[in-house]
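Chains as they are written, first to last, in the numbering used here: chain A, 105 to 427; chain B, 243 to 598.
First up is the structure itself, then whatever we jot down about it.
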């Protein structure tokens, strides 16, 4: 079933691209790009939704609920759901596109693995996955797995004459792009002390590049190439949507003064949270939405309340919702 | 447990699951998935299935295992060659090994290949020929010292066939090469039009080579010039190694057909269809021909294509069968038993089941 619906069509499209370009490395790149284009609407919807969630987490009502019901998880969940309804935010709207994309990504991954058949058993299976009449298998086999210096069916190492070991260039590139991707796509912290989303996000930023790097180091380089292309395309997509968080990646400027500092990164913001929190909770109209632009503003009631996208969908003013 | 800690554990668990899923999905990406290779003499069976096992032909019990534990970088699947003083077997790390047949200890290695060995090595006279997936045919002396090498444009999935002062090698680059045994110089090359995954078969008088190709045909070529004598189409792709008995060629195809062809003309004498794809190469016993189908069917056929007996094994059958005197060895993939020994009447003599 899974084979017939996902894997087989994917393999045939991948091999069709290979037939057109004659190079398996380029075929993997184009195939990944094609799948990314097809799933672009799902991705865009997920990005928008998670951005809305991040903004909502900075909303005063949200923060107040966290504070008020921090000892009662059940009540907290109920109040959060009420708030989501009020502002018209659907918590499923960010995970549903991810769930829909998941089988596509797994299918893409498996199609690439199967197309790089390097044993008789894998080759036999591959020939059975090709639609008869759609592709000419006799002209396709053997697949040319050579791309640049890599054999795409084997783990990649660049051999240089003057050193006696191979350099895992692709694995290094995968680690770097995975790190960049995680950092650039990491949303700004809500500014709350012990922000769990930020903590998880930071953990993913640390562990995921190493995991991806390990996989790229040990698995066939065709897969490592897919990881790399996928990372780059994710960054490009976020860039197109204007969601890249360069502040996470670029070196932090030292705070010149209260008005000149930026607190996008949760770690960088941490020392200031103690000072900003009381002001944020006391100053009713201010909310905490300005943490992203200038934390100094959160300490004063002169700051204009920043409008947040989800609450604009429906629901009343912040004062109306004050508990 | 604090909520934050719980979420951290959740994230860590997700990362671990994701890594397991990715590495699990990728089995095969790093050469861990193939059918076993078998060879035997009258005393011993050599069974390559990640490691090399030496089993007693009498009862299938284990004599020795090399290495003690499977090495993920040097898995053994290629059928070994059995000589009096050594066993030769290539691994998936590109190492050709010579092993003492009595003790299972390593004698020497040849490590020049850049890619794995899927093909079984071939020994003729005092030369060893090792065909590698790096596209090179290596000629070695009996001590594993390189004499010459010949490079083709794609991987070599099968070994060569040798005769007189010539050696014939088919490559996945869709060509068949005729080389001088002495120095590896090219005598002729023939374009087969498609890749081949079976060893070329030499006619009894050594005048003709028979090659199956992915273009669903079997081709007969003159050994002297490489010119095509005849071509016969098959109903589907041929993975099954052909064999020649009394002027007739026998092989199976992916659609489950077993063919008998007149080797001199290529005309089809008879075909019979089994219940599944015929991927294994069959064998000839004194009482008939034994073929298997992928789905576990083991069949003895008479030389005129009638079924003599049928047996069923649980598992998938892809490896070439091996005949020793009146016995046939059937390697099994994805079955409880990894090797089954039948006599010519279809009686199960013994099975090899790995200890858990």
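Glycine is no exception: its CB is placed at the ideal position from the N, C-alpha and C atoms.
All figures in this text were calculated on a predicted structure; none of them were measured in a lab.
Residue interval of the alpha helix (DSSP H) (run including residue i)
i, result
"residue 168 of chain A", "164–172"
"residue 182 of chain A", "177–191"
"residue 117 of chain A", "112–125"
"residue 515 of chain B", "Segment 510–515 is the beta strand (DSSP E) holding residue 515 of chain B; no alpha helix (DSSP H) there."
CB contact below 8 Å: residue i versus chain A
i, result
"residue 513 of chain B", "no"
"residue 360 of chain B", "yes"
"residue 485 of chain B", "no"
"residue 396 of chain B", "yes"
"residue 276 of chain B", "yes"
"residue 437 of chain B", "yes"
"residue 560 of chain B", "yes"
Cβ of residue i within 8 Å of any chain B Cβ
i, result
"residue 262 of chain A", "no"
"residue 171 of chain A", "no"
"residue 107 of chain A", "no"
"residue 367 of chain A", "The predicted model places residue 367 of chain A with a pLDDT of 39, which falls under 50 and marks its position as unreliable; any figure quoted below should be read in that light. No, no contact with chain B."
"residue 124 of chain A", "no"
"residue 145 of chain A", "no"
"residue 228 of chain A", "yes"
"residue 281 of chain A", "no"
"residue 245 of chain A", "yes"
"residue 121 of chain A", "no"
"residue 225 of chain A", "yes"
"residue 241 of chain A", "yes"
"residue 231 of chain A", "yes"
8 Å Cβ shell around residue i - same chain, five flanking residues per side excluded
i, result
"residue 489 of chain B", "446, 504, 505 and 506"
"residue 449 of chain B", "464, 465 and 466"
"residue 234 of chain A", "115, 116, 119, 241 and 244"
"residue 136 of chain A", "212, 330, 333, 334 and 337"
"residue 485 of chain B", "443, 491, 492, 493, 523, 524, 525 and 526"
Residue i versus the options, residue with shortest Cα-Cα distance
i, options, result
"residue 48 of chain A", "B:571, B:496, B:585 and B:596", "The structure shown does not extend to residue 48 of chain A, since chain A is modelled only from 105 to 427, so the question has no answer here."
"residue 501 of chain B", "B:333, B:547, B:539 and B:424", "B:547"
"residue 491 of chain B", "B:412, B:454, B:282 and B:326", "B:454"
"residue 478 of chain B", "B:460, B:471, B:526 and B:486", "B:460"
"residue 453 of chain A", "A:113, A:193 and A:281", "Outside the shown range of chain A (105 to 427) lies residue 453 of chain A, about which nothing can therefore be said."
"residue 373 of chain B", "B:480, B:281, B:336 and B:518", "B:336"
"residue 595 of chain B", "B:576, B:365 and B:587", "B:576"
"residue 256 of chain A", "A:323, A:118 and A:287", "A:323"
"residue 343 of chain A", "A:287, A:108, A:176 and A:307", "A:287"
"residue 305 of chain B", "B:280, B:327, B:281 and B:344", "B:344"
"residue 357 of chain B", "A:196, A:260, A:122 and A:192", "A:260"
"residue 187 of chain A", "A:226, A:135, A:167 and A:219", "A:167"
"residue 279 of chain B", "B:522, B:381 and B:480", "B:522"
"residue 346 of chain B", "B:327, B:570 and B:564", "B:327"
"residue 340 of chain B", "B:334, B:349 and B:537", "B:349"
"residue 310 of chain A", "A:231, A:331, A:285 and A:217", "A:285"
"residue 532 of chain B", "B:565, B:592 and B:282", "B:565"
"residue 560 of chain B", "B:571, B:567, B:552 and B:551", "B:571"
"residue 517 of chain B", "B:509, B:530, B:285 and B:539", "B:539"
"residue 258 of chain A", "A:111, A:184 and A:223", "A:223"
"residue 363 of chain B", "B:441, B:437 and B:425", "B:441"
Residue span of the beta strand (DSSP E) that contains residue i, given as start and end
i, result
"residue 289 of chain A", "It is not in any beta strand (DSSP E) - residue 289 of chain A instead sits in the alpha helix (DSSP H) that spans 273–289."
"residue 475 of chain B", "470–475"
"residue 370 of chain B", "369–373"
"residue 591 of chain B", "590–594"
"residue 348 of chain B", "348–352"
"residue 291 of chain B", "286–291"
"residue 192 of chain B", "Residue 192 of chain B lies beyond the range of chain B shown here (243 to 598); nothing can be said about it."
"residue 343 of chain B", "Taken as a continuous stretch (DSSP letters only), residue 343 of chain B belongs to no beta strand (DSSP E), as it is neither H nor E."
"residue 485 of chain B", "485–487"
"residue 569 of chain B", "569–573"
"residue 491 of chain B", "490–494"
Cβ neighbours of residue i in the same chain (closer than 6 Å, five flanking residues each side left out)
i, result
"residue 307 of chain B", "293 and 295"
"residue 275 of chain A", "317, 320 and 321"
"residue 180 of chain A", "173"
"residue 268 of chain B", "In this prediction, residue 268 of chain B has a pLDDT of 46, which is less than 50 and means its spatial position is unreliable; what the coordinates show is noted afterwards. Contacts found: none."
"residue 247 of chain A", "128"
"residue 371 of chain A", "Low confidence applies here, because residue 371 of chain A scores a pLDDT of 39, under 50, leaving its location unreliable; read the following figure in that light. Excluding positions up to five away in sequence, the list is empty."
"residue 271 of chain A", "262"
Nonlocal neighbours in the same chain, by C-beta distance under 7 Å from residue i, ignoring five residues either side
i, result
"residue 345 of chain A", "148 and 151"
"residue 399 of chain B", "360, 361, 414 and 439"
"residue 208 of chain A", "139 and 143"
Only counting runs of 3 or more residues, tell me where the beta strand (DSSP E) segments fall wholly within the stretch 534–561 of chain B, in order along the chain.
Segments of the beta strand (DSSP E) lying fully in the stretch 534–561 of chain B: 539–543 and 549–554.
Every unbroken beta strand (DSSP E) within the stretch 379–463 of chain B, with a cutoff of 3 residues, ordered by chain:
As far as the stretch 379–463 of chain B is concerned, its whole beta strand (DSSP E) runs of at least 3 residues are 388–393, 403–405, 408–412, 417–422, 428–433 and 450–455.
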